[in-house]
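Chains as they are written, first to last, in UniProt numbering: chain A, 1 to 91; chain B, 1 to 91.
Using N, Cα and C, we set each Cβ at its ideal position, and we do this for glycine too.
Everything numeric in this text was worked out from a predicted model, so none of it was measured.
Heads up: the structure comes next, in structure tokens.
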DNA sequence: TTACTTATTAGCCATTTAGCTATATAATGA
DNA sequence: TCATTATATAGCTAAATGGCTAATAAGTAA
């Protein structure tokens, strides 16, 4: 599993962005509106998520629309379950 | 969900320690033997895991035995599934 | 072209992180 | 008590992180 996904998911702001994008695609501005951070700060979080391939972006006029890459998220969850789920030594 | 668990799990060395402890309790030295890092480095990783309550330690003579706190690990996985699992907007 | 809007990139700073070596602590046994 | 073993803590450094403001880019429309 790609280390960058773990790093991306280890920040509370980025996890909240992921949760927002679960509702559906959103522009960078719509995402930023949910936080008190400065807008460039959110932009950088989006870049981190993009490098982890957890989100994809697409320009639409002056807007940039972000959407969740559900595949990566689900692969990450599957990896976690495989490595850390179940299998208690005294199960 | 406690932020410290995410931070603890975001490091590859610590995840490997967790995987080792899934096999059963181990002393700090046994754990350190699985890595090329210096012993104090592993000791510090164990402290991070301890503060996240992912492991517990118990002195046994000169040894200190670490064991997994499976409850926390499973609660973390459950939280992840609840927040990020399923629920694709186009499912 | 100019002005406006949306968003990113650049550059800075403070804090955290992860590694190391050296030192300290705790338990045991001679 | 002294030595040995197992482990943690202290103190340092380099790199990464996350925040900010200021500047830049990209698109639209007058």
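Just how far apart, CA to CA, sit residue i and residue j?
i	j	result
residue 25(B)	residue 68(B)	7 Å
residue 32(B)	residue 79(B)	30 Å
residue 4(A)	residue 11(A)	12 Å
residue 7(A)	residue 61(B)	37 Å
residue 70(B)	residue 50(B)	13 Å
residue 42(B)	residue 20(B)	13 Å
residue 53(B)	residue 85(B)	24 Å
residue 89(B)	residue 44(A)	Note on residue 89(B): pLDDT 47, under 50, position unreliable in the model; the coordinate value appears next. So the alpha carbons of these two residues sit roughly 25 Å apart.
residue 74(B)	residue 13(B)	19 Å
Under DSSP, the alpha helix (DSSP H) around residue i begins and ends at which residues?
i	result
residue 84(B)	70 to 84
residue 13(A)	12 to 22
Starting from the beta carbon of residue i, find every residue of chain A whose beta carbon is closer than 9 Å, and list them in chain order.
i	result
residue 12(B)	3, 6
Check the Cβ of residue i against every Cβ in chain A and list those closer than 8 Å, keeping chain order.
i	result
residue 19(B)	83, 84
residue 80(B)	77, 80
I need the DSSP call for residue i, collapsed to helix, strand or coil.
i	result
residue 27(A)	strand
residue 90(B)	Confidence is the limiting factor: at residue 90(B) the pLDDT is only 49, short of 50, which leaves the residue's position unreliable, though a coordinate-based value still follows. Note: residue 90(B) maps to coil in three-state DSSP.
residue 6(B)	helix
Which stretch, first to last residue, makes up the beta strand (DSSP E) that contains residue i?
i	result
residue 57(B)	55 to 60
Q) Got a sec: which bits of the region 67 to 78 of chain B sit with their beta carbon under 7 Å from any beta carbon on chain A, in order along the chain? A) Within the region 67 to 78 of chain B, 70, 73, 77 place their CB atoms closer than 7 Å to a CB of chain A, listed in sequence order.
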